[in-house]
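Some notes on the structure that comes next.
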Amino acid sequence: MLRFPLGLAPLLLLSLVACAAPSSPAATPNVAAQATAATATVAYSVSSDWKTGFTGSVTITNTGPAIKGWTLEWTFPGAQVITNSWNGVLTQTGAQVKVTNASYNAAIPTGGQVTFGFTAKYPAGTANLAPGTLTFSGAATSTPAPTPPTPIPPGPVPPTPVPPTTGQPWVMGYYVGYLRDRYPLDAVKWDALTHLVVGRAVPNADGTVNTRFDIDSVAGPQWAGGVVARTHQEGKKAILMLGGAGAYAAFVGAASDANRARFVANLLQVVRDYGFDGIDLDWEPIKAKDTAPLKALAAELKAGQPGLILTLPVAWVNANFPGDARLISADLTAQFDRVNIMSYAMNGVWGGWQSWHSGALTGAASTTPSSLESSVKAYLAAGVPAGKLGAGIGFFGSCYSGVTGARQSAAGMTLVADDNAMSYANIVTQYQGQMTAQWDSAAGVPYLSAASPTGPKGCTFVSYEDPQSIALKGQYVRAQGLGGAIIWNINEGYIPSNPAGQRDPLMDAVKQAFLR
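Structure representation (structure tokens):
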């Protein structure tokens, strides 16, 4: 039986029979030679509809011999225009839509499924009718389009959104020296960014600054200088990432009353030497005792160079303790242009926690107390203006063993790996296709599941972001009037083995979701 992801309302289910391949192979290039009479069922569904746009999907289930490569075509009966897609290569000409397989899902074994997803827009006041005819690998089946159901409000988007902020959202992508070879500068998708955060410089406790950029003292500065120059050539702002993991004690010392003046002078010199437009003060973690020196540091940097962009990444908030967000008050953040929530790696094997997603949009509960939505609510309640808040998008995921999905408990449950080892590129090339792809509609994210350890890290549950989850985050950010998004980090989403034009699927999704 064909299964629909939880929460999806099936609109159209068609049985399609692929015709036997004729003597000319060019006529059926998307059917394997051995699949001479392949049978498939195709289900078109809409998961959310907000009356000017919707999220849809088409699931192909192969009930016949194995297929190697596929094509799907349909004609919209209305004025629907697809704005983003995933798990296939899409072209749309007028109302006609054609989708061919992606490189990683060309093969559909007997009994296997492939789901192609998309977001689309249509004029307010018109009907979002389902297509009446779908053509799969050259075999057409027609059926009258059903009466469209009452639109289902999208789960991740509040029914009564606040007015959006004026102007284009920010998209700040972190680009780090230690992963520079994974994403060459010439390959960076600049039109998906407004700001590039170059990582990283590190404070020293005496107020000096280490500018090795996680490379070395010679190649590091040369690399960073070239990145800043290229960023400006592309018409984007370049931000210096300062600090990050392991830099807490150095920040405390450098921002102390004894060293802060020297620290400010050294930082502003780095800004001038490289041509940075701003600084990202990545002080992790921010404790109660740190708020006063952090505020003073930001104020003195702004005073020393008026117009300097200052951004502050902040931790996601445990939904069981929303009051923790009060440390990041409106008073503290007054000097910052953006306050960006690091809403990724929001899971772990901790007391009272069940298995959970790395970057859930919604769905926080007492035993899975994290999501972008719950963190945003906590920071808004603490007084941070909505227009300053940025949503975090992780171009990496997490690998569990001992469980096969979210909201599970097991004595042997282990979070095996996340950032770097579980980059999106690694997930696509090392785990997708070997594990069962699933969608958690309550959390607004995909995941992979396997009954036995799979891939280099022996995963049974892989949580990650994909184009569909990014599209939903874009809807949420716009509906809430938030300031934009950050990406940690853009190096991890690039897939050089994919065909040209398909190597940056997450950046493509970010552009469509935030900068269209």
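For the sequence shown, full-length UniProt numbering begins at 1 and goes up steadily by one.
Glycine included, each C-beta is placed from N, C-alpha and C at the ideal position.
* **Other residues of its chain near residue 193: CB distance less than 7 Å, five sequence neighbours each side excluded** => 171, 173, 236
* For residue 398, the three-state DSSP class (helix, strand or coil) -> strand
* Between the region 379-387 and the region 353-365, are three or more C-beta pairs nearer than 8 Å? -> no
* Determine the direct distance from the alpha carbon of residue 477 to that of residue 360, and round the result to whole angstroms. => 14 Å
* Where does residue 346 fall in DSSP's three states? -> coil
* Option nearest residue 396 by Cα separation, candidates 493, 250, 100 -> 493
* For the region 353-403, list the alpha helix (DSSP H) runs that are entirely contained and at least 4 residues long, ordered along the chain. => 372-381
* Asked: Taking Cβ to Cβ, would you say residue 220 is nearer than 8 Å to residue 284?
  -> no
* Asked: Can you give the Cα-Cα distance for residue 502 and residue 438, rounded to whole angstroms?
  -> 22 Å
* **Collapsed DSSP secondary structure at residue 519 in the structure displayed** => Because the chain here runs from 1 to 516, residue 519 falls outside it and cannot be looked at.
* Given residue 291, which residues of its chain have a CB within under 8 Å of its CB, disregarding the five upstream and five downstream residues? -> 327, 329, 332
* Based on Cα-Cα distance, which residue from 300, 409, 206, 357 lies nearest to residue 469? -> 357
* **Identity of the residue in 447, 452, 482 nearest residue 465 by Cα** => 447
* Count the other CB atoms, across all protein chains shown, that sit within 10 Å of the CB of residue 313; report buried if there are 16 or more and exposed otherwise. => buried
* Asked: At what residues does the beta strand (DSSP E) containing residue 445 begin and finish?
  -> 445-454
* To do: Under 6 Å Cβ to Cβ from residue 24, same chain only, skipping five residues before and after it: list those, please.
  => Any reading at residue 24 needs caution, since the residue's pLDDT is 29, under 50, leaving its predicted position unreliable; the model's value is listed next. None.
* Answer yes if the region 254-272 comes into contact with the region 297-314, meaning at least three C-beta pairs across the two stretches below 8 Å, and no otherwise. => yes
* Asked: In the DSSP assignment, what are the bridge partners of residue 210?
  -> 202
* Enclosing alpha helix (DSSP H) for residue 463 [first to last residue] -> Per DSSP, residue 463 belongs to no alpha helix (DSSP H); it is in the beta strand (DSSP E), 459-463.
* Asked: Using the C-alpha atoms, what's the distance from residue 321 back to residue 287?
  -> 15 Å
* **Beta-carbon contacts of residue 409 that lie in its chain and below 6 Å, excluding the five residues immediately before and after** => 354
* **DSSP beta-bridge partners of residue 439** => 446
* **Neighbour-count burial assignment, residue 272, 16 or more Cβ in a 10 Å radius** => exposed
* **Three-pair Cβ contact test at 8 Å for the region 188-205 versus the region 243-259** => yes
* To do: Would you give the residue range spanned by the alpha helix (DSSP H) that residue 472 belongs to?
  => 467-480
* **Supposed close pair residue 398, residue 319 - CB separation, criterion 8 Å** => 18 Å between Cβ atoms; not a contact.
* Using beta-carbon positions only, say whether residue 57 and residue 135 come within less than 8 Å of one another. => no
* Asked: Going by the CB atoms, is the gap between residue 390 and residue 275 shorter than 8 Å?
  -> no
* Within 8 Å (strictly less), CB to CB, does residue 232 reach chain C? -> You won't find chain C in this structure, because it holds only one protein chain.
* To do: Check whether the Cβ atoms of residue 486 and residue 340 sit closer than 8 Å, and answer yes or no.
  => yes
* Asked: Helix or strand or just coil, what does DSSP make of residue 338?
  -> strand
* Asked: Given residue 490, which residues of its chain have a CB within under 6 Å of its CB, disregarding the five upstream and five downstream residues?
  -> 173, 175
* To do: For the alpha helix (DSSP H) containing residue 302, list its first residue and its last residue.
  => 291-304
* Pull up the distance between the alpha-carbon of residue 293 and that of residue 252, whole angstroms please. => 8 Å
* Excluding the five sequence neighbours on either side, which residues of its own chain have a C-beta within less than 6 Å of the C-beta of residue 108, listed in chain order? -> 62, 67, 114
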